[in-house]
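Note sheet for the following structure.
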Amino acid sequence: MYVFGLTEDRGETSGARFDRRSALTDFLASNNISAAQIRNDHDRRVADATRQAAEEEEATAIDREEPEYEPTPEPESPEDKTKKRKRQQAIEKIKKSKEFARRKARRIGEPDDDDDILADIMMNEKQRPNPGQLDNCEICGKRFTVTAYSKTGPSGGLLCADCSKKHVDGDKKGPVKKRSSGIGRRKNQSNLLDGMASHGTQSLLETCIKKVADNIDDVEEFGDLPPPVMHRLSQILSRKRAVTSRTLDLFLRPSHKEINIYDCAELDTDDYHKILASMPALTRLNLRFVTPMKDRVFQYMMDRDMNIQDLHLDSPNLVTDDCWRQVFTQLGPRLHSLKLWNLDSAFDDETMQIMCKSCTGLRRLKLKYLWKVGDKALESIATLKNLEHLSLHLDQETKPESLLQVITEVGPKLRTLSLEEFRLADDRLLQHIHKHCHQLSKLRFTKNDLCTDKELAALFREWSNPALRFVDFSGLRDVDMSNPAGPPEPVGLASDGFIALMEHSGAKIETLNIASCRHISHAAYQEVFSEDKQYPELKYLDIAFQEVVDDYLAQCIFRCCPALTRMVVFGCFKIRDLRVPKGVAVIGTMGAKLKVDGIAQKEIV
1 MYVFGLTEDR GETSGARFDR RSALTDFLAS NNISAAQIRN DHDRRVADAT RQAAEEEEAT
61 AIDREEPEYE PTPEPESPED KTKKRKRQQA IEKIKKSKEF ARRKARRIGE PDDDDDILAD
121 IMMNEKQRPN PGQLDNCEIC GKRFTVTAYS KTGPSGGLLC ADCSKKHVDG DKKGPVKKRS
181 SGIGRRKNQS NLLDGMASHG TQSLLETCIK KVADNIDDVE EFGDLPPPVM HRLSQILSRK
241 RAVTSRTLDL FLRPSHKEIN IYDCAELDTD DYHKILASMP ALTRLNLRFV TPMKDRVFQY
301 MMDRDMNIQD LHLDSPNLVT DDCWRQVFTQ LGPRLHSLKL WNLDSAFDDE TMQIMCKSCT
361 GLRRLKLKYL WKVGDKALES IATLKNLEHL SLHLDQETKP ESLLQVITEV GPKLRTLSLE
421 EFRLADDRLL QHIHKHCHQL SKLRFTKNDL CTDKELAALF REWSNPALRF VDFSGLRDVD
481 MSNPAGPPEP VGLASDGFIA LMEHSGAKIE TLNIASCRHI SHAAYQEVFS EDKQYPELKY
541 LDIAFQEVVD DYLAQCIFRC CPALTRMVVF GCFKIRDLRV PKGVAVIGTM GAKLKVDGIA
601 QKEIV
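In structure tokens, the structure reads:
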């Protein structure tokens with residue numbers, strides 16, 4: 001084995017020695033190392049050490065022989081005066097610099113005569129050797145190589161590595177307080193906003209699931225995990241955007257009938273084929289952010305004649321209308337639930353008509369952010385007589401009559417109804433809901449400025465529908481910002497409608513969102529949350545941007561809602577000093593003082 005021309009044989013030839021010298025010489029030359037310079041430096045250091053030892057021995061001998069006397073100071077030479085004058089000029093220049101002013105400001109409380117000391121230190125720092133040069137340690141005198149990390153000694157000189165460690169250890173004031181291993185405040189507030197925070201210690205199952213998610217790259221398979229645990233793992237990994245082609249394989253089980261992936265941004269078309277091929281018994285397909293999905297994925301599904309009953313897809317924008325129509329024609333009769341989000345380039349009214357004609361067994365339908373559907377689509381939805389759950393959020397403005405037809409035809413069987421941003425809907429919609437809907441447990445009607453408080457109150461009075469468990473009336477208010485008090489007849493959810501709502505559903509309501517309903521008065525809140533009222537099931541309350549809510553009303557809410565866990569109060573600027581019961585998360589207080597179990601805290605979300 002040859003290394004720089006050397007051989008393992010001790011009896012090397014002259015040619016090998018010549019190669020060794022040549023290779024070594026080339027290596028030293030390539031690194032700017034001169035053998036002659038190394039030899040001269042060594043000889044010089046040996047001579048200096050010998051001379052210094054001889055001078056010290058001679059001085060010691062003279063001290064022993066001659067008596068002590070005061071030496072006569074020699075007059076300064078012109079050269080010494082010039083050096084002294086230049087040094088003084090340099091010091092004066094340093095005192096006028098910005099760096100000197102900054103360092104002096106950090107030495108507040110020290111006497112003024114320390115200015116000369118500080119300037120002298122800065123002068124010495126400028127005269128320090130550059131990194132890579134040699135210098136003597138100020139403390140031990142050891143010669144060392146200067147680096148960019150060399151520490152400064154007490155007198156302004158540089159220290160070697162050993163003395164630097166001792167000097168730093170001596171300056172330490174004490175061990176740094178370590179941060180607790182608990183969750184950080186910023187992360188905690190993020191979890192609260194997402195509804196993921198839990199009070200107290202997490203369960204062992206949740207802890208294990210999060211530990212697996214944190215080390216997903218080292219996991220080879222999940223084993224016999226039950227579907228609910230795999231669903232939770234999918235949620236956590238999707239939140240971390242960690243679902244890739246490799247991690248997807250962990251969720252593919254031939255015996256499982258459902259798959260839920262909430263972030264498919266890292267997957268491609270082949271991965272969707274792999275899902276369908278690996279899970280032949282699949283009946284529920286729930287995939288979000290499936291932008292790469294194309295027609296051939298659905299063609300493969302139809303060729304395999306898969307028994308898909310619940311189809312939930314978000315952003316399949318590359319799927320054409322022709323493909324959608326074929327899917328609904330062939331697989332539509334089997335569908336029980338269909339949820340589609342964010343379709344802009346496909347899925348028009350004609351496709352909707354074919355869907356409603358073929359999918360006669362649909363019980364749940366959710367359509368959100370579909371650009372190409374409008375009034376004709378609503379007319380088609382009115383033909384679905386078996387619907388029990390309906391959620392609509394269309395981008396096109398539709399006529400009120402089309403929506404009234406839907407409520408008239410499918411309202412009697414509806415259990416949940418969600419209508420978002422139907423801005424042209426008027427009081428007739430509320431009248432039709434009161435007349436035709438008698439089995440609702442969830443009602444969402446948001447962002448409308450035409451329906452009046454009078455009709456909202458009439459909706460709940462003498463309504464044969466049982467108490468609602470979920471109510472979302474956010475954004476039902478007048479939008480004229482020049483008239484904050486609103487018109488003489490209140491528009492949107494105001495005092496009478498709020499009182500009627502709580503009288504009808506207060507005993508069973510669990511989730512209530514009345515954000516931005518700014519016409520509800522302080523007196524109405526006092527009446528709803530008076531001392532003799534109780535709402536035992538209410539867990540989530542959103543009263544954001546209710547300017548009348550203050551500390552007193554907030555305490556009344558806590559008293560009347562013993563099961564409350566989250567209260568959102570963005571824009572409630574009158575909440576300033578609030579005592580929060582244990583187990584309640586108050587979200588949105590800007591600079592307010594919150595007291596939890598007697599401990600004052602500041603919570604800024």
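Under the UniProt record's numbering, the very last position in the sequence shown is 605; numbers go up by exactly one each time.
In this text, a Cβ means the ideal position worked out from N, Cα and C, and glycines have one as well.
Span of the beta strand (DSSP E) around residue i
i: tryptophan 324; result: First-last for tryptophan 324: 321-331, but that is the alpha helix (DSSP H), not the beta strand (DSSP E).
i: aspartate 135; result: 134-136
i: lysine 447; result: Per DSSP, lysine 447 belongs to no beta strand (DSSP E) and is neither H nor E.
i: serine 337; result: 337-343
i: isoleucine 259; result: 258-261
i: arginine 143; result: 143-145
i: isoleucine 587; result: 585-587
i: leucine 384; result: Counting along the chain, leucine 384 falls outside any beta strand (DSSP E), and DSSP gives it neither H nor E.
i: residue 606; result: The shown model of the chain, from 1 to 605, leaves out residue 606, and the question about it has no answer.
i: leucine 287; result: 284-287
Spatial neighbours of residue i in its chain, beta-carbon cut-off 8 Å, leaving aside the 5 residues before and after
i: threonine 446; result: Leu419, Glu420, Glu421, Asp472, Phe473, Ser474, Gly475, Leu476
i: cysteine 140; result: Cys160, Asp162, Cys163
i: leucine 387; result: Leu362, Arg363, Arg364, Leu365, Ile381, Val410, Lys413, Leu414
i: glutamine 309; result: Thr283, Arg284, Arg334, Leu335, His336, Ser337
Beta-carbon contacts of residue i that lie in its chain and below 6 Å, excluding the five residues immediately before and after
i: leucine 459; result: Leu430, His434
i: lysine 533; result: Cys560
i: alanine 500; result: Ala457, Phe460, Arg461
i: histidine 522; result: Val548
i: arginine 444; result: Ser418, Asp472
i: glutamine 439; result: Arg415
i: serine 150; result: Leu158
i: leucine 250; result: Phe222
Residue i, enclosing alpha helix (DSSP H) - first and last residue
i: aspartate 214; result: 204-214
i: histidine 312; result: Premise fails: histidine 312 lies in the beta strand (DSSP E), 310-314, not in any alpha helix (DSSP H).
i: aspartate 453; result: 453-460
i: aspartate 295; result: 295-303
i: phenylalanine 100; result: 98-105
i: valine 406; result: 400-410
i: aspartate 395; result: Unbroken run through aspartate 395: none, as it is neither H nor E.
i: isoleucine 139; result: Neither: isoleucine 139 is in no alpha helix (DSSP H) and is coded neither H nor E.
Residue(s) in a DSSP beta bridge with residue i
i: isoleucine 236; result: Isoleucine 236 is not bridged to any residue.
i: aspartate 550; result: Lys574
i: tyrosine 369; result: DSSP output for tyrosine 369 lists no bridge partner at all.
i: glutamate 531; result: In DSSP, glutamate 531 forms no bridge with anything.
i: histidine 389; result: Arg364, Thr416
i: glycine 497; result: DSSP lists no partner for glycine 497.
i: threonine 152; result: Leu158
i: arginine 519; result: The question names arginine, but residue 519 in the sequence shown is histidine. Looking at the DSSP assignment, histidine 519 forms a beta bridge with Ala494.
i: aspartate 542; result: Asn513, Val568
i: leucine 476; result: Asn448
Per-residue burial, residue i [other beta carbons within 10 Å of its own, 16 or more giving buried]
i: proline 490; result: buried
i: cysteine 560; result: buried
i: glutamine 546; result: buried
i: alanine 525; result: One detail in the question is off: residue 525 reads as tyrosine in this sequence, not alanine. By the neighbour-count rule (16 or more Cβ atoms within 10 Å), tyrosine 525 is buried.
i: aspartate 478; result: buried
i: threonine 145; result: exposed
i: aspartate 263; result: buried
i: proline 484; result: exposed
i: leucine 204; result: exposed
i: isoleucine 261; result: buried
i: proline 154; result: exposed
i: leucine 134; result: exposed
Chain-order list of residues whose beta-carbon lies under 7 Å from that of residue i (same chain, five-residue window excluded)
i: serine 402; result: Asp375, Leu378, Glu379
i: serine 97; result: none
i: alanine 494; result: Asp453, His519, Ile520
i: leucine 538; result: Ile509, Glu510, Leu512, Cys561, Ala563, Leu564
Cβ pair residue i, residue j closer than 7 Å
i: residue 648; j: glutamate 397; result: Here the chain covers residues 1 to 605 and nothing more, so residue 648 does not appear.
i: lysine 152; j: proline 131; result: For clarity, residue 152 is threonine in the given sequence; the question names lysine instead. Cβ atoms of threonine 152 and proline 131: not closer than 7 Å.
i: residue 691; j: glutamine 405; result: No statement about residue 691 is possible, as the shown extent of the chain runs from 1 to 605 and does not include it.
i: leucine 384; j: leucine 414; result: no
i: histidine 312; j: asparagine 342; result: no
i: glycine 506; j: tyrosine 552; result: no
i: arginine 288; j: aspartate 271; result: no
i: glycine 583; j: alanine 544; result: no
i: lysine 95; j: alanine 119; result: yes
i: phenylalanine 298; j: valine 327; result: yes
i: methionine 567; j: leucine 541; result: yes
Contact test: residue i Cβ vs the ligand PLP heavy atom, cutoff 6 Å
i: lysine 339; result: You won't find the ligand PLP in this model; it holds no ligand whatsoever.
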